[in-house]
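**Student:**
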């Protein structure tokens with residue numbers, strides 16, 4: 509049950525982070541997987557520091573609500589998400 513909630517949340521965060529590019533990224537990832545390769549979307553897209561900060565603020569509130577954790581724990585979870593899936597910050 510909790511694993512489903514976490515998987516659903518990760519998908520929601522990815523959709524928010526990638527926006528209109530989400531479907532394209534998932535299609536390319538599926539095609540690469542079928543070939544036995546890996547599609548590293550995080551190397552192909554960028555965002556600004558302001559976009560990342562805005563996303564982290566939104567994501568922290570979303571994590572807090574969905575997982576029912578306090579703000580500090582939500583911020584830690586979002587930091588891990590950014591570490592695992594985050595886009596490069598454009599200079």
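Numbering (this note's numbering), first residue to last: 509 to 599.
Where a beta carbon is used, it is the ideal one built from N, C-alpha and C, also for glycine.
Is it buried or exposed for residue 526, if we count other Cβ within 10 angstroms and need 16 for buried?
**Tutor:** By the 10 Å Cβ count, residue 526 comes out buried.
**Student:** Would you list the one or two residues that DSSP bridges to residue 555?
**Tutor:** 597
**Student:** Under 8 Å Cβ to Cβ from residue 517, same chain only, skipping five residues before and after it: list those, please.
**Tutor:** 570, 571, 574 and 575
**Student:** Note down, in chain order, each residue of its chain lying with its Cβ closer than 8 Å to the Cβ of residue 577, except the 5 sequence neighbours on either side.
**Tutor:** Correct list, in chain order: 571 and 585.
**Student:** So the candidates are 544, 543, 563 and 515; which of them puts its Cα closest to the Cα of residue 594?
**Tutor:** 563
**Student:** Starting from the C-beta of residue 580, find all residues in its chain whose C-beta is less than 8 Å away, skip the five residues before and the five after it, and write them out in chain order.
**Tutor:** none
**Student:** Considering only C-alpha positions, which residue in the set 598, 547 and 543 is nearest to residue 561?
**Tutor:** 598
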